[in-house]
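Notes to accompany the following structure.
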Amino acid sequence: MPEAIIVSALRTPIGTARRGALRDTTAFDLARHVVTAAAAAVGGHPIDDVILGEGRYGGGVIARHAALTAGLDTVPGLAHNRHCAAGMAAVQTAAAGIRAGMDEVIIAGGVNSDSTAPRARFRTGPEEWADPWVSPTHPDRPDAPNLDMSITVGWNTAVKYGLTREELDAWALRSHRHAIAAIDAGRFDAEIVPIDTPHGRFAVDEHPRRTTSAEKLAALAPLHPEIEGFSITAGNASGANDAAAALVIASDATGLPALGTIRSWASAGIDPALTGLAPIAAIRKALARAGVSIGEIDLFEINEAFTSVPVAMIKEFGLDPSRVNVNGSGCSLGHPVAATGARMIVTMVHELRRRGGGLGLTALCAGGGMGSATLIEVPAR
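Going by the numbering used here, the first residue of the sequence shown is number 2, and it counts up by one from there.
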């Protein structure tokens, strides 16, 4: 069976939705930018497909649009949507095609532009419309509102694991500090492809907050003050963001140089009320499929859709916090939903290379009660 190697791993800087540097850059532009950069890494080798995670962007196939605008006229495109795990699912699907021997080179990733996303409406009667309308992730329930992940992910996870507001805020502050430290040290430079925008050249993630503090986080109001003890705030939640990420996934038989190898992956479902806990089953499945124990993993990134998720995973698996989210995650870097899973793998590849190799596990929850995880290995350097 061919191995699925990672030849290239790139992303745009992450913008803050509707007021940041990418506020007037469309998902089509973001996708073209990273797909063009990714294609340059294959040295003229034929590309079999472009697979991109996308969501809430009108229902087209951005991947094919990007292939065409990148000059890959004969390469098809596939749109993937697993909500927050869409970009990760694209990479997993590419790896599956490679390992099955059906494809040799695939560009896979995700793209998200909250800033420019179209608005949908839904007909509810002969002349009545729900406007704006968002497609629900699951059937609505009082304990699992389908348009409020502060409850299904943030709060319900915190309650299940007995997490305090102080713990959640402390992790949020840590996330921002880690992200700022990574930016200042240039640790993202190798993975970021700067992009020209109507507002100038954009080259550095803008969402992390240098001036945040424990006092500022503690002063923020809970999102649901009517719920006693509610601990979820804008400060310990992820941002709304714009970005794109793309990886070249190839067969080791191509002879293309490898940054790393995709060892295994898995996804899982759970009661939507417990969406924040869905990574647990996905992580266990991915590790079992690779025959690896959790103690063998060198680094983890567990997306901070809400900080309760990584804190809960640390408690569930007994993880060393110093190996988790070492460069920040969704709370600080931002959560460009359909791109996040791919962005996490991109960052993990480069951080493992910087550290001399090892095993890295990326995992996140996704709307509707889903979770996904991907295990990669970077050879010792």
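Built from N, CA and C at the ideal position, the CB exists for glycine as well.
It should be emphasised that the depicted structure is a prediction, and the values quoted were computed from it without experimental measurement.
Checklist line | 7 Å Cβ cutoff met for His208 and Thr37 | finding: In the sequence shown, the residue the question calls residue 208 occupies position 207. In the sequence shown, the residue the question calls residue 37 occupies position 36. Contact flag unset, no.
Margin query: Please classify His177 as buried or exposed, where buried requires at least 16 other C-beta atoms within 10 Å of its C-beta.
Written below: For the purposes of this step, residue 177 is identified with residue 176 of the sequence shown, where counting begins at 1. Residue environment: His177 is assigned as buried (16 or more neighbouring CB atoms within 10 Å of its CB, all protein chains considered).
Notebook entry, point to check: Are any of the Cβ atoms in chain C nearer than 7 Å to that of Val350?
Noted result: The question asks about chain C, but that chain is absent: this structure has only one protein chain.
Next item on the list: For Ala191, I'd like the list of residues in its chain whose CB is within less than 7 Å of its CB, leaving aside the five on either flank, ordered along the chain.
Entry: As a first step, residue 191 must be located in the sequence shown, where it is residue number 190. Correct list, in chain order: His351.
Check: DSSP three-state call for Thr255: helix, strand or coil?
Finding: Position 254 of the sequence shown, counted from the first residue, corresponds to residue 255. DSSP places Thr255 in helix when its eight states are reduced to three.
Next item on the list: Identify whether Asp149 lies in helix, strand or coil by the three-state DSSP scheme.
Entry: By 1-based counting over the sequence shown, the position of residue 149 is 148. If DSSP states are grouped into helix, strand and coil, Asp149 belongs with coil.
Checklist line | Check whether Gly277 and Glu305 have beta carbons under 7 Å apart | finding: Walking along the sequence shown from the start, residue 277 turns up at place 276. Walking along the sequence shown from the start, residue 305 turns up at place 304. No, these two residues do not count as a Cβ contact at 7 Å.
Notebook entry, point to check: Between the beta-carbon of Ala109 and the beta-carbon of Leu248, is there less than 7 Å?
Noted result: Position 108 of the sequence shown, counting from 1, holds the residue named residue 109. Position 247 of the sequence shown, counting from 1, holds the residue named residue 248. Cβ atoms of Ala109 and Leu248: closer than 7 Å.
Notebook entry, point to check: Can the beta-carbon of Leu73 be found closer than 7 Å to that of Ile52?
Noted result: Here residue 73 corresponds to residue number 72 of the sequence shown, with the count starting at 1. Here residue 52 corresponds to residue number 51 of the sequence shown, with the count starting at 1. Contact flag unset, no.
Checklist line | His84, buried or exposed, once every other Cβ within 10 Å from all chains shown has been counted against 16 | finding: Here the question's residue 84 lines up with position 83 in the sequence shown. Within a 10 Å sphere around the beta-carbon of His84 sit 16 or more other beta-carbons, which makes this residue buried.
Next item on the list: With a threshold of 16 other CB atoms inside 10 Å of the CB of Ala289, please say whether the residue is buried or exposed.
Entry: The count along the sequence shown starts at 1 and reaches residue 289 at position 288. By the 10 Å Cβ count, Ala289 comes out exposed.
Check: Hey, Met349 and Glu302: beta-carbon distance below 7 Å or not?
Finding: Reading the sequence shown from its first residue, position 348 is the one you call residue 349. Reading the sequence shown from its first residue, position 301 is the one you call residue 302. In this structure, Met349 places its C-beta atom within 7 Å of the C-beta atom of Glu302.
Check: Relative to the alpha-carbon of Ala381, which residue among Pro146, Asp104, Ser151 and Ala259 has its alpha-carbon at the smallest distance?
Finding: If you number the sequence shown from 1, residue 381 lands on position 380. Cα-wise, what sits closest to Ala381 is Ala259.
Check: By the 10 Å Cβ neighbour count, where 16 or more other Cβ atoms means buried, how is Pro280 classified, buried or exposed?
Finding: The residue given as residue 280 occupies position 279 in the sequence shown. By the 10 Å Cβ count, Pro280 comes out buried.
Notebook entry, point to check: Quick check: the region 114-122 against the region 89-99, are there 3 or more CB pairs under 8 Å?
Noted result: At 8 Å Cβ cutoff, the stretches do not touch.
Note to self: Please report the straight-line C-alpha distance between Val135 and Thr125, rounded to a whole angstrom.
What the structure shows: Within the sequence shown, residue 135 is the residue found at index 134, counting from 1. Within the sequence shown, residue 125 is the residue found at index 124, counting from 1. If I take the Cα positions, the gap works out to 13 Å.
Notebook entry, point to check: Excluding five sequence neighbours on each side, which residues of the same chain lie with their C-beta closer than 8 Å to the C-beta of Ile107?
Noted result: The sequence position of residue 107 within the sequence shown is 106, counting from 1. Ile48, Asp49, Asp50, Val51, Ile52, Ala95, Gly98, Ile99, Val249, Ile250 and Ala251.
Next item on the list: Starting from the Cα of Arg24, find the closest Cα among Ile284, Ala244 and Ser268 and give me that residue.
Entry: Numbered from 1 along the sequence shown, position 23 holds the residue referred to as residue 24. The residue with the shortest Cα to Cα distance from Arg24 is Ala244.
Item checked: Cβ neighbour criterion (16 or more within 10 Å) applied to Met371 -> Residue 371 sits at position 370 when you count from the first residue of the sequence shown. Taking all protein chains shown into account, Met371 has 16 or more neighbouring C-beta atoms within 10 Å of its C-beta and is therefore buried.
Item checked: CB contact flag (Arg12, Arg264, <7 Å) -> By 1-based counting over the sequence shown, the position of residue 12 is 11. By 1-based counting over the sequence shown, the position of residue 264 is 263. In this structure, Arg264 does not lie closer than 7 Å to Arg12 by Cβ.
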